[in-house]
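Chains as they are written, first to last, in the UniProt record's numbering: chain A, 1 to 247; chain B, 1 to 67.
Just so you know, even glycine gets a beta-carbon here, dropped at the ideal spot from N, CA and C.
Below: one structure, written as structure tokens.
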Amino acid sequence: MKINWFYFSSPPRFYALAGRLSPLFFALALLLTTLGLYLGFFVAPTDFQQGEGYRIIFVHVPVSWMSMFIYLVIAFWSAMGLVMKTRISMVMAQALVPTGALFTFLSLWTGALWGKPMWGAWWVWDARLTSELILLFLYLALMALRAAIDDERRADRACALFALVGVVNVPVIYFSVKWWNTLHQGASVSLTRAPSMASTMLFGMLVMALAAWAYTIATSLKRARTLLLEREGDSEWARRQFAGDAR
Amino acid sequence: MNWDSVSAFLHMGGYGLYVWGSFGVTLLLLALETALLSRRARRVADEIRQQTKAARPPLKPRHTGQD
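Structure representation (structure tokens):
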């Protein structure tokens, strides 16, 4: 059997698929968030060092992981768009930027609210915090760059190149706690050693991380659909989507 | 069960402001993004509907020769 890898790079097919998947993932996100909040607040025990304040971990770690991961996905779709010249890849790269920026802001926000009671400071110019702030600037720059270029194809290519250059920052964020002496604690979860926290805490955090994934998939697919309609609203396939209810 | 009362839950062992400030703002902003996105989707759909309507020639009465 031969798989056609470009099957869903056709805008109408992608539009239909995303329309089916997005509500599904949105429902999944709601379900996982409810379960994760329950685990985080009612099942996970009080921390012996940080008391109840540690519970910020259930939102801080998932949004921080997502902020970095979304950038990697943007870089992936950007590379695809540049090499394969597929329009959908560029649309996906564009659709993920606002959500990535939001998660990066939330990572800094929840980090500040965690840092204040535990370190005594909202902000320190430490390697982890500073490189995450640079990630926020990269997301904002991607949005500004797109807004500054009128021609869509040029904007696509410029943003794709910018995203690929900026991806070097992601490993810097991830490994910053190893490479430099920072105030920020080390990785919460590692594949090479046993978890450093109670298993219910870990489980709650992973459920919240899955919820963030589901939310990102739902939101980016929905935004990609809207972007496609904005870009190709004049085309036959876009008009046909609304032909049934245009009276 | 970790909490004896609702007020103990809200107090979060003295970390209420920080914990609820984190979860509250996160849920608020995600809900806001979802709402803005829905509005944008509705707008572009309305636009295409209107364009389609405007572009279509007005319906002519059909003459079948039988009336």
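Residue burial classification, residue i (beta-carbon count within 10 angstroms, cutoff 16)
| i | result |
| --- | --- |
| Tyr7/A | exposed |
| Gln185/A | exposed |
| Asp126/A | buried |
| Asp67/B | At Asp67/B, the pLDDT of 48 sits below 50, so the modelled position is not reliable; the number obtained from the coordinates is stated separately. Looking at its Cβ environment, which holds fewer than 16 other Cβ atoms inside 10 Å, Asp67/B is exposed. |
| Ser38/B | exposed |
| Gly53/A | buried |
| Ala18/A | buried |
| Asp156/A | buried |
| Arg247/A | Residue confidence is low: Arg247/A scores 46 on pLDDT, short of 50, so the model does not pin down where it sits. Its coordinate-derived value is still stated next. When all chains shown are included, Arg247/A counts as exposed. |
| Gly24/B | exposed |
| Ser78/A | buried |
Closer than 8 Å to chain A by CB, residue i
| i | result |
| --- | --- |
| Ala45/B | yes |
| Ala41/B | yes |
| Ser7/B | no |
| Leu10/B | no |
| Asp67/B | Only weak support is given to the placement of Asp67/B: the predicted model assigns it a pLDDT of 48, under 50, and the value that follows is read from those uncertain coordinates. No, Asp67/B does not count as interfacial toward chain A. |
Below-8 Å beta-carbon distance, residue i vs any chain B residue
| i | result |
| --- | --- |
| Arg128/A | no |
| Ala246/A | Residue confidence is low: Ala246/A scores 46 on pLDDT, short of 50, so the model does not pin down where it sits. Its coordinate-derived value is still stated next. At least one chain B Cβ lies under 8 Å of Ala246/A. |
| Pro117/A | yes |
| Glu52/A | yes |
| Val63/A | yes |
| Thr34/A | no |
| Ile56/A | yes |
| Leu24/A | no |
| Trp123/A | no |
| Glu230/A | yes |
| Tyr215/A | yes |
Cross-strand partners of residue i (DSSP beta bridge)
| i | result |
| --- | --- |
| Asp126/A | Beta-bridge pairing links Asp126/A to no other residue. |
| Asp4/B | Note: Asp4/B sits in no beta bridge, so no partner. |
| Asp47/A | Gly51/A |
Contacts of residue i in chain B (Cβ-Cβ under 8 Å)
| i | result |
| --- | --- |
| Ala238/A | Ile48 |
| residue 304/A | Outside the modelled stretch of chain A, which goes from 1 to 247, sits residue 304/A, for which no answer is possible. |
| residue 251/A | Residue 251/A lies beyond the range of chain A shown here (1 to 247); nothing can be said about it. |
Chain A residues whose Cβ lies nearer than 8 Å to that of residue i
| i | result |
| --- | --- |
| Leu37/B | Thr219, Lys222, Arg223, Thr226 |
| Leu29/B | Leu102, Phe105, Leu106 |
Inset, instruction - Pair every Cβ in the stretch 222-238 of chain A with every Cβ in the stretch 36-52 of chain B, then say whether three or more of these pairs are closer than 8 Å. - result: yes
Inset, instruction - Evaluate the contact criterion for the stretch 105-118 of chain A versus the stretch 12-31 of chain B: three or more CB pairs, one atom per stretch, below 8 Å. - result: yes
Inset, instruction - Please confirm if the stretch 54-74 of chain A is in contact with the stretch 201-220 of chain A, defined as three or more CB-CB distances below 8 Å between the two stretches. - result: With the cut-off at 8 Å, the stretch 54-74 of chain A and the stretch 201-220 of chain A touch.
Legend entry - Touch test, the stretch 99-108 of chain A against the stretch 135-146 of chain A, Cβ-Cβ under 8 Å, three pairs minimum: yes
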